[in-house]
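What follows is a single structure, written as structure tokens, with notes after it.
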Amino acid sequence: MAAADVYLRHFETAVMPLLQRLPGPAHLVNARGRVAASADPAHLAGSLTKGPDFAAVLTQARPEHFDGLHLMPCDGVPLVLVMAER
């Protein structure tokens with residue numbers, strides 16, 4: 003297992019353009035629901051997203067749905083992309 007120490011602001015700078023190109027508000031969370039980056043004003047970086055079991059989504063490694071949200075595990079990193087279902 004490998005890990006990288008990346009400052010949150012550098013990570014946000016790298017992924018924000020990608021999040022903003024998605025068709026709706028989106029944010030990335032870790033297994034505990036901590037927001038790593040967000041293009042959704044309702045979910046600020048560093049805040050907690052409650053409800054879904056993000057660790058289970060990462061373990062199952064397949065998209066899930068929860069209360070109107072589409073949860074997609076990111077391949078190769080322990081993050082889940084969270085978007086409103088369309």
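For reference, each letter of the sequence shown is one residue, going 3 to 88 in the numbering used here. By construction, the Cβ of each residue, glycine as well, lies at the ideal position given by its N, Cα and C atoms. The structure presented is a predicted model; accordingly, all values stated were derived computationally and were not measured.
{"query": "Would you identify the three-state DSSP class for L50, choosing helix, strand or coil?", "result": "strand"}
{"query": "So G28 and A41 are supposed to be a Cβ contact under 8 Å. How far apart are they, rounded?", "result": "Here the sequence assigns Ala to residue 28, which means Gly is not the residue at that position. A28 to A41, Cβ: 5 Å. Contact."}
{"query": "Could you tell me the boundaries of the beta strand (DSSP E) in which E87 lies?", "result": "E87 -> no beta strand (DSSP E), and no H or E assigned at all."}
{"query": "Between the alpha carbons of R36 and S49, how many angstroms are there, rounded?", "result": "6 Å"}
{"query": "Classify V17: buried if its beta carbon has 16 or more other beta carbons within 10 angstroms, exposed otherwise.", "result": "buried"}
{"query": "Taking Y9 as the reference, which of F68, P65, A38 has the closest Cα?", "result": "A38"}
{"query": "Using a threshold of 9 Å, state whether the C-beta atoms of F58 and E14 are closer than that.", "result": "Reading the sequence as shown, one finds Ala at residue 58 and not Phe. No, the pair does not count as a contact, with Cβ atoms beyond the cut-off."}
{"query": "So, for C76: in the same chain, excluding its five sequence neighbours on each side, which residues have a beta-carbon less than 8 Å away from its beta-carbon?", "result": "L30, V82, L83"}
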